[in-house]
Structures are given as structure tokens and as C-alpha cells.
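A.B. asks: Would you mind keeping the following structure in view while I ask a few things?
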Amino acid sequence: MKTFQGVRGITAITAAALLLAGCADSSSPTAGPSTAPSSSVPIPPTDTPPPSTQPTQSPSTPPVTPPTGCLDQKLAGLTPRERAAQLIMTGISATGMTADERTVVRSRKPGGVLLMGAGGSLSNTRTAMAAATDAATVDGIKPFVAADQEGGKIQRLKGSGFDRIPAATVQAGWSPQKLTGQATVWAKQLKQAGVNLDLAPVADVVPKSLGDDNAPIGALDRGYGSTPGPIGEHVAAFVKGMDGAGVMTSVKHFPGLGRVRGNTDFSSGVVDTVTVRGDADLAPFAAGIKAGSDLVMVSTVTYTKIDKTNRAVFSPTVIQGMLRGDLQYDGVVITDDVGAAAEVASVPAGDRATLFIGAGGDVVITAKASLTSTMIDAVVAKAQQDKGFAAKVEASVRRVLALKQSRGLVSCG
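All letters in the sequence shown, in the order written, are residues -31 to -1, 1 to 382 by mature numbering (1 follows the signal peptide of the UniProt record, and there is no 0).
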């Protein structure tokens, strides 16, 4: 198996993909990079006093120096719990919040909501998402409103007003130009419905030798093929199309679900014993980042040749070493679902959030709205006890707010 090491290796991967081009609930079957990635949102610095005059502060103490820019002002105005909440994406019914979900969203103000189950018409979805957005908005900061809108078996919204999106295996037969155009059409429908984030495209490479025996991708026709170069072309085309209509994307599931057999939504102990750091199959992720993907989703699989001790979502090696280091990605990192997924069921709910943020991640997805408070409280408690962790929380909130501000989700008036 051909591998590449370090940043040079990733650059080589990207170059190879371009040469071939000629120029996530994550998802469930029942419900159906460049040195300076264009996807990275610059993080404005915070003005602070010189080190000699800097007072010692607890993690929950507001900065002494008055904040200047809009982002700084918003960050300073959030309570510790509101900051932690910005790092949680809560599952809600695609047809509208249930009473329990409404209570959670209104009281805890999560930074994002994820549509679960099959949705209704575009018109009804717009009404439901307007209510969810209003419920989650805090101090002029609106939530991410996300859906798994890949196509084929994984399309949450397919009622009246939404096109039926072909599976990725069909999209793979289109030219990148056609896919970009179609993705723009689909994105316009999402935007009209109040959805601002599509948890797509899938950048996983499924070997031909595994095919449908790969439960999470191959068996569900979610992949663009078995060759990194062409997959990268289509990943980039999808990202560009969505972005063209103002909808954010998240390439997934880093560092790849293509070589496993089990589906982490329904199975535990899912392991990848093949993928290595600098693997050639990382090329589609690099292509998606270079094309401008706003987020990168990390899988819950354990990659024994990368970090045999931790699942990818809890691995500093995967998130900080590979994603932020090797791929030079400084944008928002999001989990695959860690709320309802069988893979992480043995890990206490609060720890799922703190371990991910501690490893360098930003946004935690819980398909179960009932776990939202537990996760927020765990983040707050750990930040109060651990200054290093508190600094990571602040950095993550800053990344989230910077992305939201760049996408018009932060009101500075």
C-alpha cells in the first residue's frame, strides 16, 4: 500500500488527485491541504494586556481588557455554560421539535441542531427550522442547522420541494462540473428550508475487494468509488456546489471508514487495521479541505496503525497530529454521532464530549437530545478544574463563532 509521510506527503496526495482530475447521527440506513486551506476561517486574535500586567484569572472570569471586535464581544458575553453549549449539536426531529427537544433547545441553547428521521415538505421544514433556530439563538448567535443530505439512502429531506438526490455511486458517474451544478440546486433547497449545513460529502475510499462488506459506506452506496483521485474530484465538486448557494459542508469520516466492516451506529469494537498516517486514501479529505469544506467530521473507529489506544474522535494524534498538523486544517472539527452510536455506548456521555474537545475537536454531535445537558455540564465542570482544558474550550468556541460570523449567523448590531 502506497503511503506518504507528513505535510509533503499530503501535498503529494493532493497533487495526484488534481492530476487525475485533469486540472454523517452521522447517517443511518433506517432514515433514511493545502498549506492555507480556503475552508479555514481566520481566528481573530484577542487583545490582552502584556504578560507583565496580565492578571491571573479563573476560566470563568471575563477578560479584564474590554473586548474590541464583534467576535470578542460575543465570546466575552457568553456565560461558561453558553460557551460550552456552542460546542454541542443536538438531534431534533426533522419534522419539528418534540416537546422534550424544545425544552432542551430553549433552555440549553446548543450551538447546533441536527435533523433526525425523515423530514416533510420544504415548506413545513422551513417553519420547523425557524422555530428551532429561534429557540437555540443566544445573544444574536444562531445555531448550525444540519442535515445528512448525501443522496440515495441517506437523505433526510425528500418531501415536496426537495429533489430526490441520487446516491453517491450515481453521482460518481457525473462530471465534476455537473455535480457542482446539481449540488448548488440541492443547496438552494436546503437554504430555503432553513438548513445551513449539509453533513456531506463522504470522502471515504472503499476498496473494490471489500465493496458491500463495508457496512457504513459500501453497503449503502454512499461512496464515490475506490480510487482516491476521482473521489477527491467529486468531493471537491460537491463542496463547491453547496458553497455556491451558501450552505456549509462537512467532509466525512476522517480518517476514513472505507476499510472497516462494522457500522459504528449499530456495532461496537469497530477497528481499522490498515490505514496509516499519511495514507494515500486521505487524498479525498485533502481535496475537500482545499475546495473549502467548512468542517471535517471525525469517525469513532479505532485505527490501530495510527492510535491503537483511542478511537479517532478521542485521539490527539488523529485530530491534532494528522488533521490540524499534517493537513494544516485549522477549521471546525466535528464528531460523528457520539450520542446514540453503539461504538461509544460504554463511554460515559459527559466524557465523550470532554475527551473529544481535549483531543482538539470542536463540535460534539449527540443524536439524543436527552444527553445535551450532561455533555454541557461535563465540559463546564472540567474547564473549571483544568486550565489547559479551559483554554481548549475557548479556542473551540472561537473557531465556531468565527465560522458562524463568516456565514452570517452572528448578529453584531
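Ideal placement from N, C-alpha and C gives every residue a C-beta, glycine not left out.
#1: Excluding sequence positions up to five away, which residues of its chain have a Cβ less than 8 Å from the Cβ of Thr286?
#2: Any contact of the stretch 340 to 357 with the stretch 319 to 326, i.e. 3+ C-beta pairs under 8 Å?
#3: Beta carbon of Pro224, beta carbon of Leu189: below 8 Å?
#4: Quick one: any contact between the stretch 336 to 350 and the stretch 92 to 102, if contact means 3 or more CB pairs under 8 Å?
#5: In this structure, how does DSSP classify Gln42 when only helix, strand and coil are distinguished?
#6: Is it true that the stretch 174 to 184 meets the stretch 118 to 132, where meeting means three or more beta-carbon pairs spaced less than 8 Å apart?
#7: In its own chain, which residues sit with a C-beta less than 6 Å from the C-beta of Thr25, not counting the 5 before and 5 after it?
#8: Between which two residues does the beta strand (DSSP E) containing Ala115 stretch?
#9: Since Val208 is in the alpha helix (DSSP H), which residue starts that stretch and which ends it?
#10: Return the residue from the list Gly198, Val270, Gly261 and Ser129 that minimises the CA-CA distance to His222.
#11: Could you give the distance in angstroms between the alpha-carbon of Ile110 and the alpha-carbon of Leu84?
#12: Take every Cβ of the stretch 358 to 377, pair it with every Cβ of the stretch 140 to 148, and state whether three or more of those distances are shorter than 8 Å.
#13: In the DSSP output, which residue or residues are listed as bridge partners for Met85?
#14: How big is the Cα-Cα spacing for Ala260 and Ala172?
#15: Hey, would you say Met66 sits closer than 8 Å to Pro79, going by beta carbons?
#16: Check whether the Cβ atoms of Ile288 and Asp306 sit closer than 8 Å, and answer yes or no.
#17: Spatial neighbours of Gly201 within its chain, please: C-beta separation below 6 Å, excluding the five flanking residues on both sides.
#18: Answer yes or no: does any C-beta atom of chain C fall closer than 8 Å to that of Val208?
#19: Using three-state DSSP, classify Ser178 as helix, strand or coil.
#20: Around the C-beta of Arg228, are 16 or more other C-beta atoms found within 10 angstroms, so that it is buried, or is it exposed?
#21: Are the beta-carbon atoms of residue 384 and Thr138 separated by less than 8 Å?
#22: State the start and end residues of the unbroken beta strand (DSSP E) segment that holds Met266.
#23: Return the CA-CA distance between Leu226 and Gly382, expressed in angstroms with no decimal places.
C.D. replies: Checking against the coordinates, here is how it stands:
#1: Arg246, Ile275, Asp276 and Asn279
#2: yes
#3: no
#4: Counting C-beta pairs closer than 8 Å gives fewer than three between the stretch 336 to 350 and the stretch 92 to 102, which falls short of the contact rule.
#5: Gln42 falls in the helix class under three-state DSSP.
#6: no
#7: Confidence at Thr25 is low in this model, with a pLDDT of 36, below 50, so its placement is unreliable and the value that follows should be read with caution. Correct list: empty, nothing qualifies.
#8: Element bounds for Ala115: Phe113 to Ala116.
#9: Pro197 to Gly213
#10: Val270
#11: 19 Å
#12: no
#13: Ser62
#14: A direct Cα-Cα distance of roughly 13 Å separates Ala260 from Ala172.
#15: no
#16: no
#17: Ala(-15), Ala252, Pro253 and Ala256
#18: Chain labels in this structure do not include chain C; a single protein chain is all it has.
#19: coil
#20: buried
#21: Because the chain spans -31 through 382 in this model, residue 384 falls outside it and cannot be assessed.
#22: Leu264 to Val267 is the span of the beta strand (DSSP E), which, as asked, contains Met266.
#23: Taking the CA atoms as reference points, Leu226 sits about 43 Å from Gly382.
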